[in-house]
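Undergrad: If you're matching positions, the sequence shown starts at 203 in the working numbering and goes up one per residue.
We put the CB at the ideal spot given by N, CA and C, even for glycine.
As the structure is a computational prediction, the values presented were derived from the model and not from experiment.
Take this structure first; my questions come after.
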Amino acid sequence: MSSKNIIVFDTSDKHIAAALYRGRENIKTTVESMSKGQAERLIPLLNEILDEAFLSWEDIHRIGVCTGPGNFTGIRISVSAARGLAFGLNIPAIGISSFEATLYGSSENDLAILPANKGFYYVGSNPKNATFASEDFVGSMNKTFIYKSEPETLLKNIALLTQEKNQNFRPPTPCYIKPADASPNAKNEPQLLK
Numbered sequence: 203m204s205s206k207n208i209i210v211f212d213t214s215d216k217h218i219a220a221a222l223y224r225g226r227e228n229i230k231t232t233v234e235s236m237s238k239g240q241a242e243r244l245i246p247l248l249n250e251i252l253d254e255a256f257l258s259w260e261d262i263h264r265i266g267v268c269t270g271p272g273n274f275t276g277i278r279i280s281v282s283a284a285r286g287l288a289f290g291l292n293i294p295a296i297g298i299s300s301f302e303a304t305l306y307g308s309s310e311n312d313l314a315i316l317p318a319n320k321g322f323y324y325v326g327s328n329p330k331n332a333t334f335a336s337e338d339f340v341g342s343m344n345k346t347f348i349y350k351s352e353p354e355t356l357l358k359n360i361a362l363l364t365q366e367k368n369q370n371f372r373p374p375t376p377c378y379i380k381p382a383d384a385s386p387n388a389k390n391e392p393q394l395l396k
């Protein structure tokens with residue numbers, strides 16, 4: 203598996219981040235700050251990365267994608283793109299949570315702290331045991347915490363984990379710890395067409 207080409211990406215935060223790895227070697231990493239527009243930018247960015255490496259999609263053996271938690275829409279963009287590309291290319295897409303990527307290489311007793319919003323955090327070692335916690339609650343816990351890394355480090359860890367996962371995988375699915383903050387606009391309720 204060490205010489206396989208893997209493309210990884212993440213839009214779970216206020217950025218778009220993508221990288222190309224050949225085995226454990228980073229070929230190219232790009233991180234662009236943006237709070238909107240990831241859906242329109244993701245595929246062109248991936249194509250640019252491949253072009254710079256003189257590769258095509260047929261040269262990619264696996265896709266790694268960050269499944270969150272994080273920005274609700276951003277997670278859906280990445281996961282949908284990974285699933286669609288994997289289906290079209292007939293290659294595996296491996297979903298890696300921000301918890302897994304943040305804690306890669308740390309002690310099994312450590313907990314990841316991922317910034318949410320409004321002074322809250324996602325805290326846990328994996329999506330199944332994670333909680334949505336206030337800063338005060340986090341401060342009262344007697345645990346060793348690993349804070350979410352920069353996008354470049356997360357991409358590296360996603361690439362390494364994507365290589366380590368076996369072929370028995372399920373398609374990536376979004377990792378949500380809490381419901382979306384969106385609510386319908388009461389003034390502009392949708393009208394049913396007859």
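#1: Mapping the DSSP letters down to three states, classify residue 371 as helix, strand or coil.
#2: Is DSSP giving residue 219 helix, strand or coil here?
#3: Output needed for residue 223: all residues of its chain with C-beta closer than 6 Å, excluding positions within five of it in sequence on either side, in chain order.
#4: In terms of residue numbering, what span does the alpha helix (DSSP H) encompassing residue 285 cover?
#5: Go to residue 334, then tell me how far its alpha helix (DSSP H) extends in each direction, as first and last residue.
#6: Here's a check: name, in chain order, each residue in its chain whose Cβ is nearer than 6 Å to the Cβ of residue 359, leaving out the five neighbours to either side.
#7: Near residue 296, which residues of its chain fall below 6 Å by C-beta distance, leaving aside the five closest residues on each side in sequence?
#8: Using a Cβ-Cβ cutoff of less than 6 Å, which residues in the same chain neighbour residue 262 once the five nearest sequence positions on both sides are dropped?
#9: What do you reckon, are the CB atoms on residue 347 and residue 336 nearer than 8 Å?
#10: In the DSSP assignment, find the unbroken alpha helix (DSSP H) run with residue 152 in it and report its ends.
#11: Does the separation of the CB atoms of residue 220 and residue 251 fall below 8 Å?
#12: If contacts are defined as beta-carbon pairs under 8 Å, then residue 211 and residue 299 qualify, I think. What distance do you get, rounded to the angstrom?
#13: Using 8 Å for Cβ pairs, my map puts residue 324 next to residue 339. What's the rounded Cβ distance?
#14: Could you give the DSSP three-state label for residue 247: helix, strand or coil?
#15: Tell me where the alpha helix (DSSP H) around residue 358 begins and ends.
#16: State the Cα-Cα distance for the pair residue 260 and residue 291, rounded to the nearest angstrom.
#17: Going by Cα to Cα distance, which pick from 254, 258, 277 is closest to residue 216?
#18: Applying the criterion that 16 or more other CB atoms from any shown protein chain within 10 Å of the CB defines a buried residue, is residue 213 buried or exposed?
#19: So the candidates are 287, 238, 236, 225; which of them puts its Cα closest to the Cα of residue 248?
TA: The relevant details are as follows:
#1: If DSSP states are grouped into helix, strand and coil, residue 371 belongs with coil.
#2: Here DSSP, grouped into helix, strand and coil, assigns residue 219 to strand.
#3: 208, 361, listed in sequence order.
#4: Taken as a continuous stretch (DSSP letters only), the alpha helix (DSSP H) holding residue 285 covers 274-291.
#5: That residue, residue 334, is in no alpha helix (DSSP H); its beta strand (DSSP E) goes 333-336.
#6: These residues qualify, in order along the chain: 303, 306.
#7: Only 266, 364, 367, 371 meet the Cβ criterion.
#8: Spatial neighbours of residue 262 in its own chain (CB-CB distance under 6 Å, excluding positions within 5 residues in sequence) are listed in chain order as 207, 209.
#9: Cβ distance not < 8 Å, so residue 347 and residue 336 don't count as in contact.
#10: Coverage of the chain is limited to positions 203 through 396, which leaves residue 152 absent and any answer about it impossible.
#11: In contact: residue 220 and residue 251 (Cβ atoms closer than 8 Å).
#12: Contact between residue 211 and residue 299 does not hold, since their C-beta atoms are separated by about 14 Å, which reaches or exceeds 8 Å.
#13: Not quite, the Cβ-Cβ distance comes to about 12 Å (not below 8 Å), so this is no contact.
#14: Residue 247 sits in a helix when the DSSP states are folded into three classes.
#15: Per DSSP, residue 358 belongs to the alpha helix (DSSP H) from 353-366.
#16: Spanning the two alpha carbons is a distance of roughly 7 Å.
#17: Residue 216 has its Cα closest to that of 277, out of 254, 258, 277.
#18: With 16 or more other Cβ atoms within 10 Å, it is buried.
#19: The shortest C-alpha separation from residue 248 is found at 287.
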